[in-house]
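Count along the sequence shown starting at 1, add 2, and that's the number in my numbering. Take a look at the structure below.
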Amino acid sequence: MKENKDLQQPTSDKEESSRKKKSIDPSTVEILENVTVVEPKKKKYGWVGSVLLLALIAFGIYIMVQLAMTIGEGEIQSLDSIIQNANWTFVAIAVGMLLLAIVADSLKYAVITDTVIGKANLLTSTKVAMLGRYYDNITPFASGGQPMQIYYLHKKGYSAGQSTAIVFIKYFVNMLCWMFICILLMATQSGALNQYVTNEATRKLFLVAGWIGVAVNSAVPVMIILFVIFPRLTTKVVSACIWLLNKMRIVKDKEKTMNKARRAVDEFCLAFKIMSQNPWKFFLLICLCILEPLISMSLPYVVMVALGGTTDISWVTLLAVMTLNVYATMSVAIIPTPGNSGFAENAVLLAFANIASTVAFWVVFVWRFFTYYIYILIGMALTLFDVIRKAVRRRRKL
């Protein structure tokens with residue numbers, strides 16, 4: 003296989019020989035090279051979105067404080083008291099889990115990049131992972147991450163096809179693993195709702211809204227799989243749905259929407275073809291895609307123990323907290339705010355009200371910081387670093 007011209011990386015004869023051994027078949031390369039990347043449009047008033055996001059986060063925290071005060075009968079443990087009673091062993095474990103989640107997410111891209119082009123850069127993979135999290139967290143329905151990741155990889159020298167394949171493989175495998183874990187916990191550990199959510203109305207809300215959230219999040223991967231297994235039937239069903247949505251004026255352009263669906267299927271087939279040629283790397287990718295959501299789901303329990311919310315250290319309680327976390331986050335999945343801000347925090351707080359007692363507010367705040375706010379801060383730092391670096395480079399050229 004000839005070295006891709008779009009990948010501007012110097013290679014020695016030894017490196018080139020190694021790449022040829024690892025390369026994917028020529029027909030796949032030809033498809034990858036025919037993909038184009040569209041530069042994301044810069045919005046004139048993009049700062050408005052950032053201001054609204056900050057306002058939404060602040061409002062969500064305010065509501066969470068008020069809700070925590072109501073649940074705790076006017077009492078929330080002070081930060082001083084939390085620090086004094088903290089279990090520092092579990093605090094260290096929580097921080098370690100955060101770092102492990104970041105490493106696991108970065109390694110997903112490294113494994114896929116090594117599979118697609120035969121060579122991976124861990125620093126680039128880490129930045130791609132962090133940018134994806136950042137743009138997912140600041141856009142409604144987490145819709146901004148993948149386009150920015152593809153654009154960033156293309157700017158780093160990867161071809162348009164390679165960039166698209168890397169991002170799409172990660173998205174699809176990660177989504178399947180994440181949904182599998184969520185459905186497994188909700189189906190086998192639903193007793194956690196009866197045990198820890200005493201309010202019947204809240205319990206029913208979590209149960210119904212949680213499964214609706216599962217259906218919404220499963221729609222894209224399930225549709226793609228059905229397209230592959232039953233192409234004609236699925237095409238007719240999707241066409242009918244798009245026609246109906248068009249009549250309801252929810253979908254404006256029927257052909258454009260249908261083409262997007264077909265393109266998603268084509269990208270999936272290509273991605274699966276690439277990974278199927280490297281079964282051991284595919285297996286490693288699946289392991290990483292299972293590990294990272296497990297960390298995110300179990301983090302509230304570790305934080306709960308760390309802050310003195312519970313002394314019950316057992317697998318049973320861990321699974322119960324993970325299940326409550328899944329039900330709560332799934333129940334707000336259809337909320338269009340960035341990262342479900344303002345709703346995710348309060349949904350999880352309601353779920354943990356009885357099990358975490360007066361430290362529920364701090365448990366939810368720390369969990370949310372580790373799984374949401376910190377990625378916004380990292381993304382802002384990376385963006386600021388790029389702006390400063392470009393300014394310095396311009397000045398040096400003068």
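Note that CB positions come from ideal geometry on N, CA and C, so glycine has one too.
8 Å contact criterion, which Val253 and Leu247 should meet: CB distance rounded: By 1-based counting over the sequence shown, the position of residue 253 is 251. By 1-based counting over the sequence shown, the position of residue 247 is 245. Sure, about 4 Å apart at Cβ, within 8 Å.
I'd like the span of the alpha helix (DSSP H) that includes Phe182, first residue to last. On the sequence shown, residue 182 is found 180 positions in, with the first residue counted as 1. First-last of the alpha helix (DSSP H) with Phe182: Ala162 to Thr190.
Does the distance from the C-beta atom of Val210 to that of Cys291 stay below 7 Å? Within the sequence shown, numbered from 1, the residue matching residue 210 stands at position 208. Within the sequence shown, numbered from 1, the residue matching residue 291 stands at position 289. Judged by their CB atoms, Val210 and Cys291 are not nearer to each other than the 7 Å cut-off.
List the endpoints of the continuous alpha helix (DSSP H) containing Tyr374. By one-based count along the sequence shown, residue 374 stands at place 372. Judged by DSSP secondary structure, Tyr374 falls outside any alpha helix (DSSP H); it is assigned neither H nor E.
Do the stretch 126 to 133 and the stretch 98 to 118 make contact, defined as three or more Cβ pairs closer than 8 Å? yes
Exposure label - Asn327; buried when at least 16 CB within 10 Å: As a working note, residue 327 is residue 325 in the sequence shown. Answer is buried; the Cβ neighbour count reaches 16.
Given a cut-off of 7 Å, decide if Val304 and Ala88 are closer than it, judged by their beta-carbon atoms. Along the sequence shown, one-based indexing puts residue 88 at 86. Along the sequence shown, one-based indexing puts residue 304 at 302. Contact: no.
Excluding the 5 residues preceding and the 5 following Arg135 in the sequence, name in chain order all residues of the same chain whose CB lies nearer than 8 Å to its CB. Taking the first residue of the sequence shown as 1, we reach residue 135 at position 133. These residues qualify, in order along the chain: Asp107, Gly147, Tyr377, Ile380 and Gly381.
Rounded to whole angstroms, what's the CA-CA distance from Met177 to Ile297? Just pull it up for me. To locate residue 177, count along the sequence shown from 1; it is residue 175. To locate residue 297, count along the sequence shown from 1; it is residue 295. Roughly 15 Å between the two C-alpha positions.
According to the neighbour-count rule (16 or more other Cβ atoms, all chains shown, within 10 Å of its Cβ), is Gly212 buried or exposed? As a first step, residue 212 must be located in the sequence shown, where it is residue number 210. Buried, because 16 or more other Cβ atoms sit within 10 Å of the Cβ of Gly212.
Just to confirm my understanding: we take Asn219, look at its own chain, exclude 5 residues before and 5 after, and list those with CB closer than 7 Å. What are they? Within the sequence shown, the letter at position 217 stands for residue 219. Met181 and Ala335, listed in sequence order.
Bounding residues of the alpha helix (DSSP H) (the contiguous stretch that carries Ile119): For this step, residue 119 is matched to residue 117 along the sequence shown. Counting along the chain, the alpha helix (DSSP H) containing Ile119 begins and ends at Trp90 to Ile119.
Proximity below 7 Å, CB of Val365 to CB of Leu309: For this step, residue 365 is matched to residue 363 along the sequence shown. For this step, residue 309 is matched to residue 307 along the sequence shown. Closer than 7 Å, so yes.
Checking 7 Å against the spacing of the C-beta atoms, do Pro295 and Ile183 come in under that value? Translated into the one-based positions of the sequence shown, residue 295 becomes position 293. Translated into the one-based positions of the sequence shown, residue 183 becomes position 181. Yes. Within cutoff.
Quick one: using the 10 Å Cβ neighbour count with 16 as the cut-off for buried, is Phe232 buried or exposed? Position 230 of the sequence shown, counted from the start, is the residue given in the question as residue 232. By the Cβ-count criterion, Phe232 is exposed, with fewer than 16 other Cβ atoms from all chains shown falling within 10 Å of its own Cβ.
Quick check on DSSP: helix, strand or coil for Gly311? Residue numbering aside, residue 311 sits at position 309 when the sequence shown is read from its first letter. Residue state for Gly311 is assigned as coil, using DSSP reduced to three classes.
Measure the beta-carbon distance from Gly159 to Ser333 and round it to whole angstroms, keeping in mind my assumption that it falls under 8 Å. Here residue 159 refers to the residue found at position 157 of the sequence shown. Here residue 333 refers to the residue found at position 331 of the sequence shown. Their Cβ separation, rounded to whole angstroms, is 42 Å, which puts Gly159 and Ser333 out of contact at 8 Å.
Bounding residues of the alpha helix (DSSP H) (the contiguous stretch that carries Met132): Your numbering for residue 132 matches position 130 in the sequence shown. Per DSSP, Met132 belongs to the alpha helix (DSSP H) from Leu124 to Asn139.
So which of Phe354, Val361, Lys275 and Ile168 has the shortest CA-CA distance to Thr204? For the purposes of this step, residue 204 is taken as residue 202 along the sequence shown, with counting starting at 1. If we check each option's Cα against that of Thr204, Phe354 comes out closest.
Am I right that Phe170 and Ala273 are in contact with their C-beta atoms under 8 Å? What's the rounded C-beta distance? Position 168 of the sequence shown holds residue 170. Position 271 of the sequence shown holds residue 273. Contact holds; Cβ gap of about 5 Å.
Candidates Ala330, Ala349, Val389 and Ile315: closest to Ser192 by CA position: Position 190 of the sequence shown, counted from the first residue, corresponds to residue 192. When each option's Cα is compared against that of Ser192, the closest is Ala330.
Using the three-state DSSP reduction, which class does Thr421 fall into: helix, strand or coil? The requested residue 421 does not occur in the structure, where the chain is confined to residues 3 to 400.
Where Trp317 falls, given that 16 or more other Cβ within 10 Å makes a residue buried: The residue you call residue 317 lines up with position 315 of the sequence shown. Exposed, since its Cβ has fewer than 16 Cβ neighbours within 10 Å.
Tell me whether Pro302 is buried or exposed, calling it buried when 16 or more other Cβ atoms sit within 10 Å of its Cβ. Working through the sequence shown from its first residue, we reach residue 302 at position 300. Buried: at least 16 other Cβ atoms inside 10 Å.
As a quick exercise: from Leu400, Asn201, Val307 and Thr190, pick the residue whose alpha carbon is nearest that of Trp90. On the sequence shown, residue 90 is found 88 positions in, with the first residue counted as 1. The candidate whose alpha carbon is nearest that of Trp90 is Val307.
Measure the C-alpha to C-alpha separation of Lys249 and Thr259 and round it to an integer number of angstroms. Here the question's residue 249 lines up with position 247 in the sequence shown. Here the question's residue 259 lines up with position 257 in the sequence shown. Answer to the nearest angstrom: the Cα atoms are 14 Å apart.
Neighbour-count burial assignment, Thr236, 16 or more Cβ in a 10 Å radius: As a working note, residue 236 is residue 234 in the sequence shown. Thr236 comes out buried.
Determine the burial state of Ile168: buried for a count of at least 16 other Cβ atoms within 10 Å of its Cβ, exposed for fewer. Here residue 168 corresponds to residue number 166 of the sequence shown, with the count starting at 1. That one is buried.
Hey, would you say Lys110 sits closer than 7 Å to Lys172, going by beta carbons? Taking the first residue of the sequence shown as position 1, residue 110 is located at position 108. Taking the first residue of the sequence shown as position 1, residue 172 is located at position 170. Taking 7 Å as the Cβ cut-off, Lys110 and Lys172 qualify as a contacting pair.
For Cys289, the nearest candidate out of Lys121, Cys179, Ile227 and Ala358 (CA to CA): Within the sequence shown, residue 289 is the residue found at index 287, counting from 1. Nearest option by C-alpha distance: Cys179.
Range covered by the alpha helix (DSSP H) that runs through Asn196: Reading the sequence shown from its first residue, position 194 is the one you call residue 196. Note, Asn196: alpha helix (DSSP H), Gly193 to Tyr198.
What distance in whole Å lies between the Cβ atoms of Asn356 and Tyr153, which are believed to be in contact at a cut-off of 8 Å? In the sequence shown, counting from the first residue as 1, residue 153 sits at position 151. In the sequence shown, counting from the first residue as 1, residue 356 sits at position 354. The C-beta distance from Tyr153 to Asn356 rounds to 45 Å, too long to fall under 8 Å, and the pair is not in contact.
Among Val224, Phe372, Ala189 and Ser278, which one has its Cα closest to the Cα of Ala103? Taking the first residue of the sequence shown as position 1, residue 103 is located at position 101. The shortest Cα separation from Ala103 among Val224, Phe372, Ala189 and Ser278 belongs to Phe372.
What is the DSSP secondary structure of Asp255, reduced to helix, strand or coil? Counting from 1 along the sequence shown, the entry for residue 255 is found at position 253. Three-state DSSP puts Asp255 in coil, outside helix and strand.
Report the option in Ala194, Leu352, Phe345 and Leu228 whose CA atom is closest to the CA atom of Arg264. Indexing the sequence shown from 1 puts residue 264 at position 262. Considering only alpha carbons, the answer is Leu228.
Assign Thr313 to buried or exposed, taking buried as 16 or more other Cβ atoms, counted over all protein chains shown, within 10 Å of its Cβ. For this step, residue 313 is matched to residue 311 along the sequence shown. So Thr313 ends up on the exposed side.
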